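S.K.:
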Ligand SMILES: [Zn+2]
Ligand SMILES: [Zn+2]
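Residue numbers (our numbering): 381 to 681.
1) Got a sec: does ligand 1 put a non-hydrogen atom nearer than 8 Å to the Cβ of residue 588?
2) For ligand 2, any of its heavy atoms closer than 8 Å to the Cβ of residue 574?
3) In chain order, what residues of the same chain lie with their CB nearer than 8 Å to the CB of residue 395, ignoring the 5 residues before and after it?
4) If we cut at 9 Å on Cβ distances, does residue 666 have a partner in chain C?
5) Got a sec, what are the start and stop residues for the alpha helix (DSSP H) residue 552 sits in?
6) Please indicate yes or no: does the CB of residue 469 lie closer than 8 Å to some heavy atom of ligand 1?
7) For residue 609, I'd like the list of residues in its chain whose CB is within less than 8 Å of its CB, leaving aside the five on either flank, ordered along the chain.
8) Quick check: the Cα distance between residue 665 and residue 392, rounded to an integer number of angstroms?
9) Rank 448, 458, 586 by C-alpha distance to the C-alpha of residue 551 and give the top, closest one.
10) Look at the alpha carbon of residue 591 and the alpha carbon of residue 602, and state the distance between them as a whole number of angstroms.
11) Going by alpha carbons, who is nearest to residue 526 out of 537, 513, 536, 538?
12) At a threshold of 8 Å, does residue 547 count as lining ligand 2 (C-beta to nearest heavy atom)?
13) Verify whether the separation of the beta carbon atoms of residue 413 and residue 439 is less than 9 Å.
14) Would you report the Cα separation of residue 679 and residue 409, rounded to the nearest angstrom?
15) Mapping DSSP to helix, strand and coil, what is residue 577?
16) Since residue 600 contacts residue 555 with CB under 8 Å, what's their CB separation in whole angstroms?
17) Does ligand 2 have a heavy atom nearer than 8 Å to the CB of residue 607?
18) What residue range does the alpha helix (DSSP H) around residue 454 cover?
19) Does the distance from the CB of residue 442 to the CB of residue 456 come in under 9 Å?
20) Using only the alpha-carbon positions, how far apart do residue 506 and residue 405 sit?
21) For residue 568, which of helix, strand or coil comes out of DSSP?
22) Kindly provide the ranges of any alpha helix (DSSP H) runs that are 4 or more residues long and lie completely inside the region 605 to 629, ordered along the chain.
23) Pick from 581, 619, 643: whose alpha carbon is nearest that of residue 574?
24) According to DSSP, is residue 525 helix, strand or coil?
25) Going by DSSP, which residues form a beta bridge with residue 433?
26) Which residues in the same chain have their Cβ closer than 6 Å to the Cβ of residue 540, if we skip the five residues on either side of it in sequence?
27) Assign residue 511 to one of three DSSP states: helix, strand, or coil.
28) Go to residue 591, then tell me how far its beta strand (DSSP E) extends in each direction, as first and last residue.
29) Looking at the strands, I want to know which residues DSSP matches up with residue 582.
30) For ligand 1, which residues have a Cβ under 7 Å from at least one heavy atom, in chain order?
31) Taking the beta carbon of residue 571 as the centre, do at least 16 other beta carbons fall within 10 Å, making it buried, or is it exposed?
32) Do you know how far the Cα of residue 424 is from the Cα of residue 411?
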């Protein structure tokens, strides 16, 4: 039973970090959408929310943003939001799943979790940029006002130190890995391939949590590249000097999210070993994102 209880808590926390994974939250954000009142308009708030967008809060409420790929679109009354999303961001994880909120129970537990992690990553990225903006614009003397934003940035920096090659390398050096001559890998190659030292002969990628036994592996980068879901692998720039500030901040946000949900992801792996429980929990987690049966403006939303 405690497996379900822990998983419930994990999903609740994930939902808080990724609120726009749910259709209901996206739909609610478009309250007062101007085209809903026009009889001839085909572009309704239901369709926009269903296509994955939430309102950016502009005065006319005609601009939506995808929480899974950050695509922003301004809608006209005859637009087809789903088609716009698919055309302008064909690699978006939400687009690739094909209107995944349409059908409860349609997606495996892990797929929904991955989608939520993507959403949480962009949400963290936006929050950190907002914290930086507030600190830059606020008066230096106003310490009481600045304090929560400074704390948030310090916590973020501390949780993402393995973003840099130097810190990853340091983790191997303090474990004196290179002194064990039997090893095939070197700490420099491991750190350059994205890994930090975890224990004995194991190293972990902080961006995707892949763990490898570096005593058994000939080419750690090739091994890492097998995990096509990893953002560090996807970016394919091992040299930090080649990163844009946005890429660096996005990788850091990803690392922060993966670190926060590391134990939750272990739970998903436990569920995967048990078919019945995996299905049962998949049902619950799908409800988090699904379109409610009643989703007209007369609803309580
Ligand atoms: Zn998208
Ligand atoms: Zn990785």
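The C-beta atom is built at its ideal place from N, Cα and C for all residues, glycine as well.
Since the model is a prediction, treat every value here as computed from it, not as a measurement.
M.R.: Taking the structure as given:
1) By 1-based counting over the chain shown, the position of residue 588 is 208. For ligand 1, not one heavy atom lies less than 8 Å from the Cβ of residue 588.
2) On the chain shown, residue 574 is found 194 positions in, with the first residue counted as 1. Yes, since a heavy atom of ligand 2 falls inside the 8 Å radius drawn around the Cβ of residue 574.
3) The residue labelled residue 395 in the question sits at position 15 within the chain shown. Excluding sequence neighbours, residue 395 sits near 401, 402, 496, 668.
4) Looking for chain C here will not work: only one protein chain is present.
5) On the chain shown, position 172 is the one that residue 552 refers to. Run containing residue 552: 545 to 554, per the alpha helix (DSSP H) assignment.
6) Taking the chain shown and counting its residues from 1, one reaches residue 469 at position 89. Yes, Cβ of residue 469 sits closer than 8 Å to a heavy atom of ligand 1.
7) To locate residue 609, count along the chain shown from 1; it is residue 229. Here the set comprises 494, 588.
8) Position 285 of the chain shown, counting from 1, holds the residue named residue 665. Position 12 of the chain shown, counting from 1, holds the residue named residue 392. Rounded to the nearest angstrom, the two C-alpha atoms are 9 Å apart.
9) Numbered from its first residue, the chain shown carries residue 551 at position 171. Nearest option by C-alpha distance: 586.
10) As a working note, residue 591 is residue 211 in the chain shown. As a working note, residue 602 is residue 222 in the chain shown. Roughly 14 Å between the two C-alpha positions.
11) Your numbering for residue 526 matches position 146 in the chain shown. The shortest Cα separation from residue 526 among 537, 513, 536, 538 belongs to 513.
12) Looking up residue 547 in the chain shown gives position 167. Residue 547 Cβ: outside cutoff for every heavy atom of ligand 2.
13) Stepping through the chain shown from its first residue, residue 413 is reached at position 33. Stepping through the chain shown from its first residue, residue 439 is reached at position 59. Result no, Cβ atoms of residue 413 and residue 439 do not sit closer than 9 Å.
14) Residue mapping note: residue 679 aligns to position 299 of the chain shown, counting from 1. Residue mapping note: residue 409 aligns to position 29 of the chain shown, counting from 1. Note on residue 679: pLDDT 42, under 50, position unreliable in the model; the coordinate value appears next. Going by the C-alpha atoms only, they are around 14 Å apart.
15) Residue numbering aside, residue 577 sits at position 197 when the chain shown is read from its first letter. DSSP places residue 577 in strand when its eight states are reduced to three.
16) On the chain shown, position 220 is the one that residue 600 refers to. On the chain shown, position 175 is the one that residue 555 refers to. That pair is no contact at about 16 Å.
17) Translated into the one-based positions of the chain shown, residue 607 becomes position 227. Yes, since a heavy atom of ligand 2 falls inside the 8 Å radius drawn around the Cβ of residue 607.
18) Here residue 454 is taken as the residue at index 74 of the chain shown, counted from 1. Where residue 454 is concerned, there is no enclosing alpha helix (DSSP H), although the beta strand (DSSP E) it sits in stretches over 452 to 454.
19) For the purposes of this step, residue 442 is taken as the residue at position 62 of the chain shown. For the purposes of this step, residue 456 is taken as the residue at position 76 of the chain shown. In this structure, residue 456 lies closer than 9 Å to residue 442 by Cβ.
20) By one-based count along the chain shown, residue 506 stands at place 126. By one-based count along the chain shown, residue 405 stands at place 25. If you take the alpha carbons of residue 506 and residue 405, they lie about 17 Å apart.
21) Working through the chain shown from its first residue, we reach residue 568 at position 188. Annotated three-state conformation of residue 568 is helix, per DSSP.
22) 611 to 615
23) In the chain shown, counting from the first residue as 1, residue 574 sits at position 194. If we check each option's Cα against that of residue 574, 619 comes out closest.
24) Position 145 of the chain shown holds residue 525. Three-state DSSP puts residue 525 in a helix.
25) Within the chain shown, residue 433 is the residue found at index 53, counting from 1. DSSP, once it has assigned bridges, lists no residue as partnering residue 433.
26) Sequence index remark: in the chain shown, residue 540 carries index 160 (1-based). These residues qualify, in order along the chain: 632, 635, 636.
27) Counting from one through the chain shown, the residue named residue 511 turns up at place 131. In the structure shown, residue 511 sits in a helix (DSSP, three-state: H, G or I).
28) Taking the first residue of the chain shown as position 1, residue 591 is located at position 211. Bounds of the beta strand (DSSP E) holding residue 591 are 591 to 593.
29) Position 202 of the chain shown, counted from the start, is the residue given in the question as residue 582. Residue 582 is bridged to 579, 593.
30) 432, 446, 448, 449, 451, 465, 469, 472, 474, 475
31) Start at 1 with the first residue of the chain shown, and residue 571 comes out as number 191. Its Cβ being crowded by 16 or more others within 10 Å, residue 571 is buried.
32) Numbered from 1 along the chain shown, position 31 holds the residue referred to as residue 411. Numbered from 1 along the chain shown, position 44 holds the residue referred to as residue 424. If you take the alpha carbons of residue 411 and residue 424, they lie about 11 Å apart.
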